[in-house]
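Structure record follows, encoded as structure tokens.
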Amino acid sequence: MNSKFETLPVRTKFFTRGTTVVAAIAGLGIAAYLYRVFFGLEAATNLSNAYPWGIWKTINVVAGVALAAAGFTTAAVADVFHRERYHVLVRPAILTALLGYTFAVIGLIADLGRYYNIWHPIIPSMWQGDSVLFEVGMCVMMYLCVLYIEFLPTVVERYRNRVDLPGVLAHFNSLVESLLEVCQRYLVRFISLFIIAGVVLSCLHQSSLGALMLVAPTKMHPIWNSPISPILFLLSAIAVGFPILIFEIILVSRIFHRAPDVSLLSHLARYIPVLLGIYFAVRIGDLTLREVWPYVLDGSFPAAAFIVEIGVGVILPLLLLARKRVRYSVRGLLISVILVIVGVVLNRTNVFLIAYEPLYASSRYVPSLIETAVTVGLISTLILIYRFFVVKLPVLPRPPEPEAVSPGQAESLVTPMKGE
Amino acid sequence: MRKDRRDFLKMSAAATGALVAGAASAAETPVTADFSRAYGVLVDTVLCVGCRKCEQACYLAHSHCKKDPESLLDRTVFEESRRPDECAYTVVNRFVDPDRPDRNFWMKAQCMHCNQPACVSACIVGALTKDWRGPVVYDTWKCIGCRYCFLACPFDILAYEYNNALDPQVRKCTFCHERMAEPGFRPACVKVCPGGALTYGTREQLIDLALLRIKQSPEKYIDRIYGQHEVGGTSWMYLAGVDFAKTSLPEPGDQPISSLTETIQHGVFKSFVPPLALYGLLGLIMHSLKDNG
Ligand code: SF4
Ligand code: SF4
Ligand code: SF4
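If you're matching them up, the sequences are chains A and B in order.
Quick note on this note's numbering: the first sequence kicks off at 1042 and runs consecutively.
Quick note on this note's numbering: the second sequence kicks off at 4 and runs consecutively.
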């Protein structure tokens, strides 16, 4: 239970050659973001009255939130179902979710025409219980608060009795110290209440994201226009939670030259084919009951998009991860989880962009350069902040003792990445 | 331990039951308000002569964009099909009946002011509301600019001021509700229409009038009032001399667009039973599995 001995800050300097490249991309993205703020949506985007939602909502917000499902799925397994061995993964998962949601909100602000009104949904006189978007907004906001609370113990653990602010800020040392003390006293003690709330809020808005497009039933392509879309969104979010976490742990251990605990990840990976299989079965059942298979075979662009989504993003990783040999090889694991992640991102893109067929559009929406720069730039900024956090705070699991990894596995892991 | 387990199973069964019950209770259909006394407009495309005077009058009544009012009567625009935009709440388009290419007809497009508007149901902050008198009204001050209402509108008539970086608004026909309280009120476009193609009145009156016209000249009209039943009925309705499939009006069906999403929303959030049940269930699991990690 005492995570103090399980997670440690990574000992490395912040800037390397790789980090600098990421920082440069992030810089371009921030410039593009400012361009949107000063010159408006028309100058920055290809959005129109026919296509009012673009990649900022689809990739940064909707797909971003789906990929941040690592947070609630890991918390559910480790904390609610008490699979204690996965406890070391909770902190990286919570950090992923925290950054994912924070950046979803930053991406949303770029997209909102009147972003300075973003706080309106919390005013009771503007509550709108009929609106799916209202529910998504409220749940995301509350979950974001829960995530910050869930992350607090990590900060408290690192800085309690060790607050040492630089320069004039040193005057606040004792104030911050007592704040941390209060956190330790109250929040950390009742953390389980927040953990459960986090899981409930996640189930609510992950599914509601799937209900968003049901408000346009006459304009949706039949393949994705399913009344059980909320259930499909929830199931796919649950299925992508562990893949994101595994992807992140493997990547991070390569970058920091720390061997990951392969047996832990492989064990966690056992759940993926089960969860993905449930999603796949329900999806197939839904398509069959709604009798939309003819649309899948009509050779159109949406049909092709669907076949790629399911073939590459669901069936292939399902076949791969069902094999023990794949789950126990780092490369096999990495490839499979990337496929699952790609599959979920494709699904969200298909639902929100490909399946949406406006009545009077002359041509399809294609994102502009600025839109793409903002999307990529925000992801890069997220990576930088993630790096900052894991270097400063005890987030990542400590590397396993050398004997825990078999020589063969260790070998495949120590190949350092170029540029690091 | 044994007993704990059994209790736990029983409790979780109860919690799951509550979940299902919450979802099921949502299946009740929402009560449909009576809109027969609400105001609307009947657009008779058989009488429309394509003069574009309604476009000009609408512009003069609102004029939030800079335009030359005379240019709004130029009939060469009919070469292309247009949609209402942030500067024009209404546009007139010309159509050709493929079976009788010698005959043109014109059709004005604007917000339909639906009885059960999808845009109102979708809006995250209630910036769009249905006035009991008929109009669907937009409140700039509340709007956050998410454009979710655009996805919801089954007629795709909403327009956004994408070119405004600081103070963009959703733009659509207002039904001239700003002046609705004035005595003898008629919308600007209705007032100016020279051919009698636009009639303002209560929904009840308009449907009676439409039925009368169809009955009196069955050779001129097809037997359908577009908007009487579509998406649960609309305040603005259309008569036509050709099949509506030959116009640009869609066929969204008679169901109110937002009935499915509202059923889901109310099912999950009615008295918050499902979320609370899930919370209890997870709490039980967390508690009862505590010691066997
Ligand atoms: S036509 Fe569209 S914008 Fe007008 S009331 Fe109906 S849903 Fe709303
Ligand atoms: S753009 Fe404005 S009016 Fe439309 S749904 Fe969003 S907040 Fe409501
Ligand atoms: S009712 Fe008013 S706002 Fe609507 S089209 Fe007519 S003049 Fe324009």
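We treat Cβ as the ideally placed atom computed from N, Cα and C, and that holds for glycine.
Chain-ordered chain A contacts of residue i [CB-CB under 7 Å]
i	result
B/K293	H1123
B/A162	N1090
B/E265	D1171
B/A339	Residue 339 of chain B falls outside the range modelled here, since chain B spans only 4 to 296, and no answer is possible.
Supposed close pair residue i, residue j - CB separation, criterion 8 Å
i	j	result
A/S1270	A/A1252	6 Å
A/V1381	A/G1354	7 Å
A/V1436	A/R1132	5 Å
B/L242	B/I260	Rounded, the Cβ-Cβ distance is 23 Å, inconsistent with contact.
B/F89	B/R174	The question names Phe, but residue 89 of chain B in the sequence shown is Glu. Their Cβ separation, rounded to whole angstroms, is 4 Å, which keeps B/E89 and B/R174 in contact under 8 Å.
A/S1249	A/V1173	6 Å
A/I1313	A/F1283	6 Å
B/Q113	B/Y92	6 Å
A/V1431	A/N1087	Between A/N1087 and A/V1431 the Cβ distance is about 36 Å, and since that is not below 8 Å, they are no contact.
A/P1162	A/M1179	6 Å
A/Y1189	A/L1139	7 Å
B/A168	A/G1070	That belief does not hold up - the Cβ atoms of B/A168 and A/G1070 are roughly 19 Å apart, past 8 Å.
Proximity test, residue i beta-carbon vs ligand 5 heavy atom, cut-off 7 Å
i	result
B/Y92	This structure lacks ligand 5; the ligands present are ligand 1, ligand 2 and ligand 3.
Per-residue DSSP class, three states only, for residue i
i	result
A/G1059	helix
A/D1205	coil
A/P1438	strand
A/R1052	coil
B/L169	coil
A/W1097	helix
A/M1261	strand
A/N1090	coil
B/C117	strand
A/R1331	coil
B/G296	Caution is warranted here: a pLDDT of 45 is assigned to B/G296, below 50, making its placement in the model unreliable, and the coordinate value is therefore given only provisionally. Three-state result, B/G296: coil.
A/R1368	helix
B/G187	coil
B/A91	strand
A/Y1320	helix
B/T266	helix
B/G43	strand
B/S28	Any answer about B/S28 is weak, because its pLDDT of 45 lies below 50 and its placement is not dependable; what the coordinates show is given next. In the structure shown, B/S28 sits in a helix (DSSP, three-state: H, G or I).
A/Y1397	strand
B/R174	strand
B/A162	strand
Residue i: first and last residue of the uninterrupted alpha helix (DSSP H) it sits in
i	result
B/M240	Note, B/M240: premise wrong, no alpha helix (DSSP H); beta strand (DSSP E) at 239-242.
B/V140	Unbroken run through B/V140 is the beta strand (DSSP E), 139-141; no alpha helix (DSSP H).
A/T1195	1173-1200
A/K1433	1410-1433
B/K56	56-65
B/C149	Neither: B/C149 is in no alpha helix (DSSP H) and is coded neither H nor E.
A/C1244	1232-1252
A/I1279	1270-1296
B/Y282	276-291
A/V1349	1342-1351
Beta strand (DSSP E) segment containing residue i, residue limits
i	result
B/T202	201-205
B/N96	94-99
A/V1464	Because chain A is modelled from 1042 through 1461, residue 1464 of chain A falls outside the range shown and cannot be assessed.
B/F108	107-112
B/T298	Since the first residue shown for chain B is 4 and the last is 296, residue 298 of chain B is missing from the structure and cannot be characterised.
Per-residue contacts from residue i into chain B (C-beta, under 9 Å)
i	result
A/A1067	Neighbours of A/A1067 on chain B: none; closest Cβ ~23 Å, over 9 Å.
A/E1167	A small fix is needed here, since residue 1167 of chain A is Met in this sequence, not Glu. By Cβ distance, chain B contributes I127, V128, G129, A130, K145.
A/G1081	E164, Y165, N166, N167, A168, L169, P171
A/V1241	P278, L279, L281, Y282, L285
A/L1361	Ordered by position in chain B, no residue passes the 9 Å Cβ test against A/L1361, which lies about 30 Å from the chain.
Contact list for residue i against chain B, beta-carbon separation under 7 Å
i	result
A/T1413	Simply none; closest approach about 18 Å.
A/F1175	I127
A/A1104	Chain B residues near A/A1104: none, gap ~17 Å exceeds 7 Å.
Chain-ordered chain B contacts of residue i [CB-CB under 8 Å]
i	result
A/R1155	C146, I147, G148, D170, P171
A/I1159	I147
A/V1271	The sequence given here has Pro at residue 1271 of chain A, not Val. Result: I267.
Neighbouring residues, chain A, relative to residue i (Cβ below 9 Å)
i	result
B/N118	Ordered by position in chain A, no residue passes the 9 Å Cβ test against B/N118, which lies about 15 Å from the chain.
B/D159	N1090, A1091, K1260, P1399, L1400, Y1401, A1402
B/P259	The contacting residues do not exist; B/P259 stays about 11 Å from chain A at best.
B/I289	Reading the sequence as shown, one finds Met at residue 289 of chain B and not Ile. Under the 9 Å cutoff, chain A gives D1120, V1121, F1122, H1123, S1233, I1236, I1237.
B/D88	N1090
Partner residues on chain A for residue i, Cβ-Cβ distance less than 8 Å
i	result
B/G256	T1259
B/A155	V1256, A1257
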